[in-house]
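Take the numbering used here: the final residue in the sequence shown is number 1265, and no numbers are missing along the way.
First the structure, in the form of structure tokens, and then the observations on it.
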Amino acid sequence: MANGMQFDDIAEHQMSRGQQVDETFRRAEPVAVVGMACRFPGAPDIRSFWRLLETGGNAVTDGAPASGPNRLEELFKDPRNLQGACRYCAYVDDIDQFDARFFRISPVEAELLDPQQRMMLETSWQALEDAGMDPDRLKESLTGVYSGISNDEYRMLVTDSERPGEAAASLYALSGTNLNGTSGRVSFVLGFMGPAKAVDAACASSLLSVHDAVADLQQGKADLAIAGGVQAILNSRIFELRADSMMLSPDGQCKAFDASANGYVRGEGCGAVVLKRLRDAEADGDRIWAAIRGAAVNHGGASVGLTVPHEPALERVIEAALSQAGVPASEVDYLEAHGTGTAVGDPIEINAVARVYGKGRKSDQPLLVGSVKTNLGHLESAAGIAGLIKAVLVMQRGVIPKHLHFRDPNPSVDWDGLPLQVTSSMTDLPARNGRPRMAGVNSFGISGTNVHLLVEEYQASDTAPYAPDRVVGPGQAVVVQPPKAVVEPMRHEQACQRRGVRLLPLSGKSEQALRDLAERYLSWLDEQLDELPAEGELLEQALADMAWTAGIGRSHFDCRAGLTFDSVGQLRQRLEGLAETGLQDAPRAATTVAFAYTGQGSQWAGMGRDLYDREPVARMVFDRCEEVFLEERGTSLLDVMFGRTGNGQLGDTDWEQPALYALECALTAQWSSVGVRPDMVIGHSVGEIAAAQAAGVFSLEDGMRFAATRGLLLSQTEGGAMAAVFAPPDQVASAIKEANAEAAGAGVSMAADNGLHQVVSGPVADIESLSARLESEGVRVRRLNTTRAFHSALIDPVLDALQASLDHVTVQPAELTVVSNLTGQAVNDGALLDGAYWRKHAREPVAFASGARTLADLGADVILEIGPGSVLAPMASSAWPDSAPAPVVLSSVRPASTGSPEDVGGFAESVAGAYQSGLPIRFEGLFAGETRRRVSVPGYPFQRERYWLSAPRQRRSVEGHPLLGLRRESASGEITYETELFPTDPEWLNDHRVFERVIAPGALYGTMAASASLAGASGPVVVEDMQLHNPLVFAEEAQDDEAATNGRKVQLLISDSGNEGPGQLQILSKGPAETDWTLHAECRMTGGADAPGAVERVDLERLKDELSPVDASVLYQARAGTGIDLGGSFRTLGNLWARQGEALGEVSLRDGAGLTSPEIHPLVLDGCFQVVAAARIQGSAEDETTYLPFGWERLWLAADGFPEKVVCHVRMHEATQEANAEAGAPAEVLSGELRIYDLDG
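Below you can see the structure in the form of structure tokens.
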């Protein structure tokens, strides 16, 4: 690499931190809470949680929750007969819903994934968003995940469901329901490489997980931690056991510390906090909710009982936390108590707390006490994290919400003698003369584990002037430094101007998610306008911080929208447009970027001025180029570029070429600062100098000297002209040859092949003559605005000096692909772009069209123009080969609009285009030189769907027939069988779908009729005149808020059946919401029937020899094409032989299908019907007519029914009913004879 400024050096800016920290300091180091998220009953996020608390809300419900699965109906067989304590619970809404696609989890795995793991995934993501951290940037980092979890009730549901039938599903069932998978799942999905611990300490689990996370941060085992807990209530027996053990309150409330306390009420939910060493959080500008000063854990030891709190142990764990924090007990202002509301536990906890926190406490400054369990119930393994989040909010808001259900203090506690006060009403947290206020948090497990944390109010050294008094405040101020330069930039008395245009990047994993996110930002904007002036600096700063946080603090997905705005009105307008109509173009995922550097003729007065005024990175490059130009020419280049008073005209070659170089190098650095670097470069004429510099061929300074020298030399050449000719290269070359044959002097040269047009160059008279000749032939010609004839013989006199100007310049091989103007091909590896190359480059034609095709061959999918307008990228796009996908075409800045020196904000809009094309953007580059803060902005709107395993239903009594159900006989002799069928019970029913709906196969009715006939006969039976009337179609899966199921009651009625004489048989069904029965099939049955002629063994081998083999898969593919989808259970055909009108097939029951009837299996009979299709296919391969069985004349069955493996022989013949359509139409009805044998014939 040549000496001088390089743009990778300029743009590279990474935060680093020393890893070696004094161990003694680390052990006592405070830990900051930098992010929080929750999904609690009645409170799906932190904001709604605080609203619930401050309004005295109670999330406990009597009966089923308002949404989600019908929880009581799913948990309990008969919710109407529940004992009182089980009626009450605080449920999370939509616990069955999950955004599996977001976390790249397949639907099969998602269904088997414990909802506790699902909630922990989503809540961990939301906590990181609240912290303003992009999870993608944390991949492979030392980020730990710590989750408190105690129950595996979904595993019980999985094991009972018989759902995992395959190896992969079985593995999903195990990994998806392991308690240890809760933390491991988060680390795996998000790519963290710190500790991953699942903690089970019963009700102390989640606070213990926070304790462990704090310890690991202090010991350097993790640099960041997500800690929390989760609980889901899914098993009725566990619920009943808790009630039977007298743990639960019969009236369904946690009345902590009240005389009427009689147990707790259960709740579920998930909470998580993001933790970081306090000094690191301050250094990184994180939003800090509070600081954890002390954390301690112990066990009650051999106390009164395993499940009874041990008072001395409680005292010791509080003292240990105070000791670690180094603060006296009297400085703790508030206690978030465990407070379950039990007659035994409440007095023990209060007495222990009083003994420790009463020391040195003044009577007029009592310890204020409350418990979130009075609002949410006892979340068990998630209880501690709920208490911690509440305590943090209390510290941040300075007010303690009302502790509910406290009317008559527990008489077992000496309240008058204790320096404690239960906050039975909304209470202000007392001011402490400038010192931070502090809270303690208790959490005790039923197995004896005790945890205590000390949380301190965080008092920032600086506060955003616009920050309103609300739950979520701003982060610390962060000065966004420009990337460090290799050389010292020029010093300016005046700092860069404030950026006038901002970019809000929004993204989602689906377009609907993106639109929902836009709606959230509209709501956020309304909240800001409610709290801030509609105009002015405060709102401007808030919007800038919003854009900063959305850029650096969010992951960026495929569906993207980059919204640029210069006012709140414009932002609202663009958000509304996105929310209403979504994306205008399909999402792109561009990966390979080509920088295209514009040549002469694209310049305009004022180009680059806005970049110079507002962008410190670009200013560094402009300033360095200005220094070099001053050394070379003794005058200012920037004055001429920016339209200020100068010593030249930008349209003159000697100023134009160095100005283009300076601008293009500044743009290269500016794009690098936002993370966009080229994979390959191409330039057009003089533009290739900046392209070569970007590739590392020479330094910024040497390139500037060369551009200045080249411009000066070419300005000294004889005057000439250039023109664009809109004709193919061969036609133009032929015209040039003819014109030069007649001309005297230098003649006309081909200057460039741009694809759709060619550029010609030469003496003015020759160009005019050629132009007139071509125009007379109908060719469009456009004269270019230049007074020099570049790439022609007129520049020959300066070529020696041009080559010599690089004699003392160090030229390096290119570090990335350079597509040369000379050849239109990539420069060979190791080739030097030396003086000889640049001599030819100035004289020979520009092979730009070939270069564009080379870019396509190299896989470029983005053409990013580096120059003062949009000229070259569209030109490259027009020359793009049809065989390659069209590239994304982007510009860097736009030409000035009328009356303005430059289109302000053009670069931000260009970055928006790059973002929307799928390029990774480093958003820090858009804020270089500013002081910005992380603020609370909307999080990702998960697109949840239902993934749930329902407990298996008992379809029929085990005393009944396995297929028909219970048998009843009336006094009149009528026999009734009744059962209940579901789409997945029997399981094989789900494999019979017609147009994606589960429909009972016709063979089911035949099997039921045959089984009923055999059950009432002593010998062979005949089932005659079977007619199928209406299909049995199962309803779609029941909605969560409905009690109905998608099962159907099925009855089989037999009448007039006496002494094995003919009997009438009907099969009917009814859905749960239906009043009338639907008739599906009817037939006559006779017992004790004679065999249909002689029953002799058949020579199956002879039959096979007479027929031809057929691939059974062809049959199944053909049926699938007609909308009949037969799953694995119904694919019972094995070897198959056929010819026109005849077929022989082996039918066998698949392993695991289960014999639902001892006489005959529906799948075996259905397989025999499938053999009919083989005879039909042999008859007419092109006949796509679909036939379905609708009845039979006679079925004779031996007394022992069918075995599981049979051979079916079919002979077809047309029925008497022919098609009424015109000749050649297929028959309406086909009939045939089926003979079914065992494997021996």
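All C-beta atoms, glycine included, are put in the ideal place defined by N, C-alpha and C.
The model shown is predicted, which means the values in this text are computed figures rather than measured ones.
Assignment of Glu688 by DSSP, reduced to helix, strand and coil, places it in the helix class.
Between the region 388-397 and the region 443-455 there are three or more inter-stretch CB-CB distances shorter than 8 Å, so the stretches are counted as touching. In terms of Cα proximity to Asp885, the closest of Arg1017, Thr616 and Ser994 is Thr616. DSSP, reduced to helix, strand and coil, places His235 within a helical segment of the structure shown. Within the region 675-743, the complete beta strand (DSSP E) segments of 3 residues or longer fall at 704-707, listed in chain order.
According to the DSSP assignment, Gly1087 belongs to the beta strand (DSSP E) that extends over Gly1087 to Lys1094. Boundaries of the alpha helix (DSSP H) around Thr183: Glu177 to Ser185. The bridge partners DSSP lists for Asn474 are Asn322 and Phe468. Gly1215 has Gln1051 as its beta-bridge partners, per DSSP.
Setting aside the 5 residues that flank it on each side, Glu1183 is surrounded in the same chain by Ser1035, Leu1038 and Gly1225, each with a C-beta closer than 6 Å to its C-beta; the list follows chain order. Under the DSSP definition of a beta bridge, Arg111 lacks any partner. Where Thr616 is concerned, there is no enclosing alpha helix (DSSP H), because DSSP gives it neither an H nor an E. Of all C-beta pairs linking the region 474-482 to the region 322-342, three or more are shorter than 8 Å, placing the two stretches in contact.
In terms of Cα proximity to Val721, the closest of Gln836, Gly365 and Ala866 is Gln836. DSSP places Gly1026 inside the alpha helix (DSSP H), whose first and last residues are Gly1026 to Ala1039.
Note that the C-beta distance between Lys533 and Phe126 is below 8 Å.
Per the coordinates, the alpha-carbon of Phe281 lies some 18 Å from the alpha-carbon of Leu403. In the DSSP assignment, His1104 falls within the unbroken beta strand (DSSP E) covering Thr1102 to Gly1111. For Glu889, the closest of Gln694, Asp906 and Val1018 by C-alpha to C-alpha distance is Gln694. Fewer than three beta-carbon pairs drawn from the region 245-260 and the region 427-437 are found closer than 8 Å, and the two stretches are therefore not classed as touching. Residue environment: Asn259 is assigned as buried (16 or more neighbouring CB atoms within 10 Å of its CB, all protein chains considered). Judged by their CB atoms, Ser273 and Val289 are nearer to each other than the 8 Å cut-off. Ile413 carries a helical assignment under DSSP once its states are collapsed to helix, strand and coil. The C-alpha of Cys294 is placed about 11 Å away from the C-alpha of Ile70.
The secondary-structure analysis by DSSP pairs Ser773 across a beta bridge with Ser785.
For Ile374, the enclosing alpha helix (DSSP H) begins and ends at Gly369 to Tyr381. In the three-state scheme derived from DSSP, where H, G and I count as helix and E and B as strand, Lys245 is classed as coil. Here Val423 carries a strand assignment [DSSP, helix/strand/coil]. Ranking Pro352, Leu1254 and Ile1260 by CA distance to the CA of Cys1232 puts Ile1260 first.
According to DSSP, residue pairing for Leu392 in a beta bridge involves Tyr358 and Gln445.
Ranking Leu988, Phe1006, Ala1059 and Asn204 by CA distance to the CA of Leu137 puts Asn204 first.
Met644: member of the alpha helix (DSSP H) spanning Pro640 to Arg657, first to last residue. By the C-beta density criterion, Thr841 is buried, having at least 16 other C-beta atoms within 10 angstroms. The C-beta distance from Asp858 to Leu823 rounds to 14 Å, too long to meet the 8 Å contact threshold. Residue pairing by DSSP puts Arg301 in a beta bridge opposite Val55.
Here the alpha carbons of Glu969 and Asp123 stand approximately 6 Å from one another.
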